[in-house]
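Residue numbers (my numbering), protein chains in the order written: chain A, 6 to 165; chain B, 11 to 459. The structure appears below as structure tokens.
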Amino acid sequence: MITLNLNVNGKDHRLEIEDHMRLLDVIRGPLGLTGTKEGCGEGECGACTVILDGNAVDSCLVLAAQCEGKKIVTIEGLETADGLDPVQQAFLDNGAVQCGYCIPGMVLSAKALLDKNVAPDDNEIKEAISGNLCRCTGYDKMVKAIKTASEVMQERGEQK
Amino acid sequence: MSTLKSVGQRIQRKDARAKLTGTALYPQDIEMENCVYGATVRSEIPHGYFTLDLTEAEKAPGVIRIFTAADVTGHNVHGVLFKDHEVLCARKVRRVGDPIAFVVAETQAQADDACALVKVSYEALPAVFDPKEAMKEGAPQVHDGKDNLIYHYKCRRGDVTKGFADSAVVIEREYVSPFVDHVFLQPESGLAYMEEDKVIVVASTQYPHFDQIEVAEAIGWELEQVVILNPVVGGAFGGREDISMQIHLALATIALGRPVKTTMAREESFYAHSKRHPVFMRLKVGAAEDGKLLALEAELHGDTGAYASWAINVMRKAGVHITGPYEIENVFVDSYSVYTNNPYAGAMRGFGATQVPVAYEQHMDILAEALGMTPYEIRMKNLFRKGSVTANGQVLTESVPLETCLEILNQAMNGGSEAAGLDAASSGTKAVPGSDSAAVQERSVTEHA
Chain A
6 MITLNLNVNG KDHRLEIEDH MRLLDVIRGP LGLTGTKEGC GEGECGACTV
56 ILDGNAVDSC LVLAAQCEGK KIVTIEGLET ADGLDPVQQA FLDNGAVQCG
106 YCIPGMVLSA KALLDKNVAP DDNEIKEAIS GNLCRCTGYD KMVKAIKTAS
156 EVMQERGEQK
Chain B
11 MSTLKSVGQR IQRKDARAKL TGTALYPQDI EMENCVYGAT VRSEIPHGYF
61 TLDLTEAEKA PGVIRIFTAA DVTGHNVHGV LFKDHEVLCA RKVRRVGDPI
111 AFVVAETQAQ ADDACALVKV SYEALPAVFD PKEAMKEGAP QVHDGKDNLI
161 YHYKCRRGDV TKGFADSAVV IEREYVSPFV DHVFLQPESG LAYMEEDKVI
211 VVASTQYPHF DQIEVAEAIG WELEQVVILN PVVGGAFGGR EDISMQIHLA
261 LATIALGRPV KTTMAREESF YAHSKRHPVF MRLKVGAAED GKLLALEAEL
311 HGDTGAYASW AINVMRKAGV HITGPYEIEN VFVDSYSVYT NNPYAGAMRG
361 FGATQVPVAY EQHMDILAEA LGMTPYEIRM KNLFRKGSVT ANGQVLTESV
411 PLETCLEILN QAMNGGSEAA GLDAASSGTK AVPGSDSAAV QERSVTEHA
């Protein structure tokens, strides 16, 4: 067992975990945040994507012990008192959600992109979600949704 | 006209918000108090008799009980058309991946580890992997006492001998479509628990009402005592039409009185569920000088692997669709569903209609080339239109917009490049350059109104 300090969705946690646990296991297990999904366990599908210190990562490929002192955002951390994150809202409005299993990872990959580059072009969007598989093949609406979110975020930025 | 509430409106999917916030619960996301975990031992050979030695596995840490065929309290069978699957194989396996035992332990890791300690001794039998071989006299019998050939669809229309004799060109080719997996993104997971005298099975499924019957028959309980709860389904595409672990979970929770859960890793998911039927297609088509199709003869062998699942429906659909959307006076089709020792095949998007275009559309291009026509011209010559009669006798009385569709594509491609054609294919009339598309659309609406 090892002790692990993590900041998840803005909240500090001190956890006793097994040495071999993946970040995914800690998130879904002790933290109980089941919005993060496991699709393949080998970094192919992106369903387990979370944001780790600002970068989208496959949490199935990250050993939990590597995350000491790091900041993690999961899908549960996006909605605020003001409502859904612009990416979530845009996915909802654009009908970009089907079976939903890829959605948390897809949304977080988009969020990580827009936080760094608020006005990406189509190719940048496609590259950012290239590690996230949607087996329902709803990519077209997702790209549209991410563009919508980008516009909303730019407008909000100008208003500030 | 009054405004409709849903039709023609942009409405939000009911469960989309829960899926976007991470609150939608798939079976793997549900935990229950006092829960135990199951893992499945699967066959490693395609065909053979086996015996089990559970001694080591039963002593492994955390193991509570190992279920085998002897523990199935009702009928040890299931299957959507034929009851040809065993809940847990009793003495013979028919494919790699057949379930042999269900190990229940205090944790999922302990159950997984104990699976490796179950000793399976095999007496291998000759196996068959090709449906045409499997139909031959003396081929290995996949199901004891039962023919490997389980279905033969015939379509007979007109006189193909005359049709070929009248043809300027006759082309014969063979085509093969492969096994395909659905790879729904959410691997199989489920849990079961008792609620008074009822057993509750939670699983992502395409057929809760079918599952209820299959679970009840296999455990030997009344239908009313079995409840199937279908929470969020993470994709299916046909791959969740057959039973996966529902019966194993029900048997275990009834025997142990504790909630039982199991979740498959991606690799096991590939072993557990059905595949798209591979189809071996021999196609012979004759056409007149002007491109008019005069005769079609086809022989389709569908490999359903070790179990039938929907093999009959799939190969019937393949047999119906092998003529493509084309009018042909003389047709002679034989379509077969055949057992082999391959992974079993079942429902997958298109259900037999998806395999056959690989043959008939390539064939149309080959015929066009032989006749010095364009692929467009030969298709326009033969398309189903309103009033057409299909080879199996259906009169198409409405909505046959194929001609309009091809006209739009042709317009897009003549105006520019192949890329423009592909654009038109995916985006419709919007992509037609300089477009007359409004006129085309309008005509289409009038025609099919």
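For each residue, glycine too, the CB sits at the ideal point set by N, CA and C.
**Q.** Extent of the continuous beta strand (DSSP E) run through R167/B
**A.** Here residue 167/B corresponds to residue number 157 of the second sequence, with the count starting at 1. Taken as a continuous stretch (DSSP letters only), the beta strand (DSSP E) holding R167/B covers 159 to 167.
Q: Taking 8 Å as the threshold, find out whether the stretch 276 to 292 of chain B comes into contact with the stretch 312 to 332 of chain B through three or more Cβ pairs.
A: yes
Q) How should D108/B be labelled, buried or exposed, when 16 other C-beta atoms within 10 angstroms of its C-beta is the threshold for buried? A) Translated into positions along the second sequence, residue 108/B becomes position 98. Label assigned to D108/B: buried.
Q: Using alpha carbons as the reference points, say which of S155/A, N12/A, T142/A lies closest to D58/A.
A: The count along the first sequence starts at 1 and reaches residue 58/A at position 53. Out of S155/A, N12/A, T142/A, N12/A has the C-alpha closest to the C-alpha of D58/A.
Q.
Strictly under 9 Å for the Cβ-Cβ distance: is T33/B near chain A by that measure?
A. Here residue 33/B refers to the residue found at position 23 of the second sequence. Nearest CB-CB separation between T33/B and chain A: below the 9 Å threshold.
Q.
Which residues of the stretch 77 to 97 of chain A have a Cβ closer than 8 Å to any Cβ of chain B? Give them in chain order.
A. T79, I80, E81, L83, E84, L89, Q93, F96, L97
Q | Distance between beta carbons of H311/B and Y346/B, contact taken as under 8 Å | A | Reading the second sequence from its first residue, position 336 is the one you call residue 346/B. Reading the second sequence from its first residue, position 301 is the one you call residue 311/B. So it is a contact: roughly 5 Å between Cβ atoms.
Q) So the alpha helix (DSSP H) H287/B belongs to, where does it begin and stop? A) Mapped onto the second sequence, residue 287/B falls at position 277. Note, H287/B: premise wrong, no alpha helix (DSSP H); not H, not E.
Q: Note down, in chain order, each residue of its chain lying with its Cβ closer than 6 Å to the Cβ of V157/A, except the 5 sequence neighbours on either side.
A: In the first sequence, the residue the question calls residue 157/A occupies position 152. Same-chain partners within the cutoff: P91.
Q: Quick one: give me the first and last residue of the alpha helix (DSSP H) that T65/B is part of.
A: In the second sequence, the residue the question calls residue 65/B occupies position 55. First-last of the alpha helix (DSSP H) with T65/B: 65 to 69.
Q: Just the C-alpha distance for A190/B and F280/B, rounded to the nearest angstrom, thanks.
A: The count along the second sequence starts at 1 and reaches residue 190/B at position 180. The count along the second sequence starts at 1 and reaches residue 280/B at position 270. Here residue 190/B turns out to be Val, not Ala, going by the sequence shown. About 10 Å.
Q. If we count Cβ pairs, one from each stretch, closer than 8 Å, do we get three or more for the stretch 316 to 334 of chain B versus the stretch 191 to 204 of chain B?
A. no
Q) Near A369/B, what residues of its chain come up, given a Cβ to Cβ distance below 6 Å and the 5 sequence neighbours on each side ignored? A) Within the second sequence, the letter at position 359 stands for residue 369/B. Taking C-beta separations shorter than 6 Å and ignoring five residues to either side along the sequence, the partners of A369/B in its chain run Y185, M291, L293, following chain order.
Q. What did DSSP end up calling N128/A once you bin it into helix, strand or coil?
A. For the purposes of this step, residue 128/A is taken as the residue at position 123 of the first sequence. Looking at N128/A - three-state DSSP - the assignment turns out to be helix.
(Q) Could you check whether the Cβ of Q164/A sits closer than 9 Å to any Cβ belonging to chain B? (A) Reading the first sequence from its first residue, position 159 is the one you call residue 164/A. Not closer than 9 Å to any Cβ of chain B, the Cβ of Q164/A fails to qualify, so no.
(Q) Below 7 Å on C-beta distance, what does L138/A contact in chain B? (A) Taking the first residue of the first sequence as position 1, residue 138/A is located at position 133. In chain order: L195.
(Q) Rounded to the nearest angstrom, what separates S447/B and L138/A at their Cα positions? (A) Taking the first residue of the second sequence as position 1, residue 447/B is located at position 437. Taking the first residue of the first sequence as position 1, residue 138/A is located at position 133. Low confidence applies to S447/B: its pLDDT is 44, below 50, so where it sits in the model is not reliable enough to give any reading.
Q. My guess is that I338/B and L306/B are in contact by the Cβ rule of under 8 Å, so how many angstroms apart are they, rounded?
A. Here the question's residue 338/B lines up with position 328 in the second sequence. Here the question's residue 306/B lines up with position 296 in the second sequence. Correct: roughly 5 Å between the Cβ atoms.
(Q) Please report the distance separating the alpha-carbon of H153/B from that of C125/B. (A) Along the second sequence, one-based indexing puts residue 153/B at 143. Along the second sequence, one-based indexing puts residue 125/B at 115. If you take the alpha carbons of H153/B and C125/B, they lie about 26 Å apart.
**Q.** Unbroken alpha helix (DSSP H) run spanning F247/B, endpoints
**A.** Within the second sequence, numbered from 1, the residue matching residue 247/B stands at position 237. Note, F247/B: premise wrong, no alpha helix (DSSP H); not H, not E.
Q.
Can you tell me where the beta strand (DSSP E) holding A134/B begins and where it ends?
A. Taking the first residue of the second sequence as 1, we reach residue 134/B at position 124. Where A134/B is concerned, the enclosing beta strand (DSSP E) stretches over 129 to 134.
Q. Which residues in chain B sit within 9 Å of A124/A, going by Cβ to Cβ distance?
A. Looking up residue 124/A in the first sequence gives position 119. Under the 9 Å cutoff, chain B gives no residues; its nearest Cβ is about 23 Å from A124/A.
Q: Using a Cβ cut-off of 8 Å, pull out every chain B residue sitting near G44/A, in sequence order please.
A: For the purposes of this step, residue 44/A is taken as the residue at position 39 of the first sequence. Ordered by position in chain B, the residues that pass the 8 Å Cβ test against G44/A are L195, Q196, P197, R276.
Q | Coil, strand or helix - E21/A by DSSP | A | Along the first sequence, one-based indexing puts residue 21/A at 16. Looking at E21/A - three-state DSSP - the assignment turns out to be strand.
Q: State yes or no: is the beta carbon of Y1/A nearer than 9 Å to at least one beta carbon in chain B?
A: Given a span of 6 to 165 for chain A in the structure shown, any question on residue 1/A remains unanswerable.
Q: Could you spell out the range, first to last residue, of the alpha helix (DSSP H) harbouring P109/B?
A: Walking along the second sequence from the start, residue 109/B turns up at place 99. Careful: P109/B lies outside any alpha helix (DSSP H), inside the beta strand (DSSP E) at 109 to 115.
Q | N-terminal and C-terminal residue of the beta strand (DSSP E) that G200/B is part of | A | Against the second sequence, residue 200/B aligns to sequence position 190. G200/B -> beta strand (DSSP E) spans 199 to 205.
Q: Check whether the stretch 51 to 71 of chain B touches the stretch 127 to 138 of chain A, counting contact only when three or more Cβ pairs, one atom from each stretch, lie closer than 8 Å.
A: no
Q: Spell out a yes or no on whether the stretch 95 to 110 of chain B and the stretch 141 to 148 of chain B are touching, meaning 3 or more CB-CB pairs, one atom from each, closer than 8 Å.
A: no
Q.
Give me the residue from L266/B, A246/B, M204/B with the minimum Cα distance to I76/B.
A. Counted from its first residue, the second sequence places residue 76/B at position 66. The residue with the shortest Cα to Cα distance from I76/B is L266/B.
**Q.** Cross-strand partners of F342/B (DSSP beta bridge)
**A.** One-based indexing of the second sequence puts residue 342/B at position 332. In DSSP, F342/B forms a bridge with R166/B, E307/B.
Q) Using the rule of at least 16 other Cβ atoms within 10 Å of the residue's Cβ for burial, across every protein chain shown, is N128/A buried or exposed? A) To locate residue 128/A, count along the first sequence from 1; it is residue 123. Counting Cβ neighbours within 10 Å, N128/A comes out exposed, since fewer than 16 surround it.
Q.
Which residues in chain A have a C-beta closer than 9 Å to the C-beta of Y36/B? List them in chain order.
A. To locate residue 36/B, count along the second sequence from 1; it is residue 26. Here the neighbours are T39, K42, G105, Y106.
Q. By the criterion of Cβ-Cβ separation under 7 Å, what are the contact partners of K29/B in chain A?
A. On the second sequence, position 19 is the one that residue 29/B refers to. Within 7 Å Cβ-Cβ: V102, G105, I108.
Q.
Would V17/B pass as an interface residue toward chain A - the criterion being a Cβ-Cβ separation below 9 Å?
A. On the second sequence, residue 17/B is found 7 positions in, with the first residue counted as 1. With 9 Å as the cut-off, V17/B does not count as an interface residue toward chain A.
Q. Does the beta carbon of G53/A come closer than 9 Å to any beta carbon on chain B?
A. The sequence position of residue 53/A within the first sequence is 48, counting from 1. Note that residue 53/A is Cys in the sequence shown here, rather than Gly. Output row for C53/A: interface = no.
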